[in-house]
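Worksheet: the structure to be examined is printed underneath.
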Amino acid sequence: MSDLAIDREVDRSQMQVSDEEAIQITEMNKWFGTFHVLRDINLTVNKGERIVVCGPSGSGKSTLIRCINALEEHQRGRIIVDGTVLSSDLKNVDKIRSEVGMVFQHFNLFPHLTILENCTLAPIWVRKTPKKEAEETAMHFLEKVKIPEQALKYPGQLSGGQQQRVAIARSLCMRPRIMLFDEPTSAL
Numbered sequence: 004m005s006d007l008a009i010d011r012e013v014d015r016s017q018m019q020v021s022d023e024e025a026i027q028i029t030e031m032n033k034w035f036g037t038f039h040v041l042r043d044i045n046l047t048v049n050k051g052e053r054i055v056v057c058g059p060s061g062s063g064k065s066t067l068i069r070c071i072n073a074l075e076e077h078q079r080g081r082i083i084v085d086g087t088v089l090s091s092d093l094k095n096v097d098k099i100r101s102e103v104g105m106v107f108q109h110f111n112l113f114p115h116l117t118i119l120e121n122c123t124l125a126p127i128w129v130r131k132t133p134k135k136e137a138e139e140t141a142m143h144f145l146e147k148v149k150i151p152e153q154a155l156k157y158p159g160q161l162s163g164g165q166q167q168r169v170a171i172a173r174s175l176c177m178r179p180r181i182m183l184f185d186e187p188t189s190a191l
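Residue numbers (the numbering used here): 4 to 191.
See the structure below:
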């Protein structure tokens, strides 16, 4: 884990930065079998702060953010996300996942759903957003990523870069309090 570096950027003109913690990681460890991939990680990210975790391939960047979003289980240490302690309690995991957006390196779009349906599925089912409101929000974010004309197409009809933009829009449609990105521009 010593190969990872953290770069912090605080742009006070664009957002409110607070002393309140969005993410706090204390002495976190993760193993895959006998391979100790994350060792004694300590990290605090305040609300409004942006950080970049840098490191070579295989250094644990993706594993770190997957642990923050409870997609990977850490074996030791403590993770607090937006005031919620990450534990094996599924209610805590569901709460964290509903407040933390994640954009993966690979798009992970549902191939049998249109772009619009990919963007509205979670807001409708998880947040109980009315369909019309979810569609308006989805179109807003598809416009932000400059592909609103693709809304009624299927992922297989789009280029890799367009699919990645859909994945970004889809995550933003949940209006998360925290965003995690795993190489989101790799296909752009």
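The C-beta atom is built at its ideal place from N, Cα and C for all residues, glycine as well.
- The beta carbons of D185 and I82 sit no closer together than 8 Å.
- Secondary structure of M182 (DSSP, three-state): strand.
- According to DSSP, Q27 shares a beta bridge with T47, I83.
- Rounded to the nearest angstrom, the Cβ distance from L183 to G104 is 7 Å, consistent with a contact under 8 Å.
- By the CB criterion at 8 Å, K156 and I118 fall inside the cutoff.
- For V103, there is no enclosing alpha helix (DSSP H); the residue is part of the beta strand (DSSP E) that begins and ends at 103-106.
- Using a 10 angstroms sphere on the CB of T132, the tally of other CB atoms reaches 16 or more, which defines it as buried.
- Here the C-alpha atom of G51 lies approximately 16 Å from the C-alpha atom of L175.
- Within the same chain, Cβ atoms closer than 7 Å to the Cβ of P114 are found at Y157, P158, G159, the five residues on either side in sequence being excluded.
- Beta-bridge annotation (DSSP): L93 is not paired with any residue.
- DSSP, reduced to helix, strand and coil, places R130 outside both helices and strands of the structure shown, so it counts as coil.
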